[in-house]
Amino acid sequence: MIIRLFAWLGFFAATCFADTVEQAKHAGKAETRPSLLRLSDRTELNLPARLDDLRKELAAPLHERSLRDKSRTAVADREADLAGGYALEIGDDKAAQRLEASVEDFHRFMSVCMGVGHSPQGYKITAECGDPAGCPCDATEAFHLSVAPSGCRVTARDAEGLRRALIFLEDEMT
0 MIIRLFAWLG FFAATCFADT VEQAKHAGKA ETRPSLLRLS DRTELNLPAR LDDLRKELAA
60 PLHERSLRDK SRTAVADREA DLAGGYALEI GDDKAAQRLE ASVEDFHRFM SVCMGVGHSP
120 QGYKITAECG DPAGCPCDAT EAFHLSVAPS GCRVTARDAE GLRRALIFLE DEMT
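Numbering (numbering that gives the first Met the number 0), first residue to last: 0 to 173.
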């Protein structure tokens, strides 16, 4: 995807350069190497539809629509039941400060995409710093996730591991 975007941007720049060179030739000016700053002379950019859709998608809020099938219920002993809401707790104050934006993003994901509210009596999600079981000592962003019917516990060495775990949980719910 990124390679395609760079290839398109290269084509786009080459097309713009060619247009300004042609304009210079027709005006009787000496041919000079055009710069991207001259793009402001163009009145309208006609982006291919797919690229325009990509631009709109990237500009849109991250969590904007429900992804939850409300008719589906959690499979007993295999999935967390979030019908009563959820309670996210970060056990380390220093990590909680570093995770402020990630926690806000997680709350927005849960409310908008999953249709589940934050509730102190809800399914407990506890995130704490420590040694994640089964992870190599030098693994960055490593975390261990333990899931039970009453709640789940995330253990990571640092805030970056906890951040990765929150993103993993979002991915698993979609």
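Ideal Cβ positions, reconstructed from N, Cα and C, are used throughout, including at glycine. None of these values were measured; they are calculated from a predicted model.
What is the DSSP secondary structure of G177, reduced to helix, strand or coil?
Residue 177 is absent from the structure shown; the chain starts at 0 and stops at 173.
Would you check if the distance between the CB atom of E171 and the CB atom of E159 is smaller than 7 Å?
For this step, residue 171 is matched to residue 172 along the sequence shown. For this step, residue 159 is matched to residue 160 along the sequence shown. Going by C-beta atoms, E171 is not nearer than 7 Å to E159.
Can we say the region 46–62 touches the region 117–127, given the rule of at least three CB pairs closer than 8 Å?
Counting Cβ pairs under 8 Å, fewer than three are found: no touch.
State the DSSP-derived secondary structure class of H106, mapped to helix, strand or coil.
Taking the sequence shown and counting its residues from 1, the one referred to as residue 106 is at position 107. Judged by DSSP in its simplified three-state form, H106 adopts helix.
Helix, strand or coil, according to DSSP, for K55 in the structure here?
Position 56 of the sequence shown, counting from 1, holds the residue named residue 55. K55: helix per DSSP, three-state reduction.
Would DSSP call E127 helix, strand or coil?
Within the sequence shown, numbered from 1, the residue matching residue 127 stands at position 128. Strand.
Do the region 152–169 and the region 101–114 meet, that is, are 3 or more Cβ pairs less than 8 Å apart?
yes
For L98, is the classification buried or exposed, using 16 other Cβ atoms within 10 angstroms of its Cβ as the cut-off for buried?
For this step, residue 98 is matched to residue 99 along the sequence shown. Result: buried.
Write down the C-beta distance between I89 and A95 rounded to the nearest angstrom, noting that I regard them as a contact closer than 8 Å.
Counting from 1 along the sequence shown, the entry for residue 89 is found at position 90. Counting from 1 along the sequence shown, the entry for residue 95 is found at position 96. Indeed, because the Cβ distance is near 4 Å, the residues count as touching under 8 Å.
To the nearest angstrom, report how far apart A147 and V153 are at their CA atoms.
By one-based count along the sequence shown, residue 147 stands at place 148. By one-based count along the sequence shown, residue 153 stands at place 154. Straight-line Cα distance between these residues: approximately 12 Å.
Cα separation between T72 and H117?
As a position in the sequence shown, residue 72 is number 73, starting the count at 1. As a position in the sequence shown, residue 117 is number 118, starting the count at 1. Going by the C-alpha atoms only, they are around 19 Å apart.
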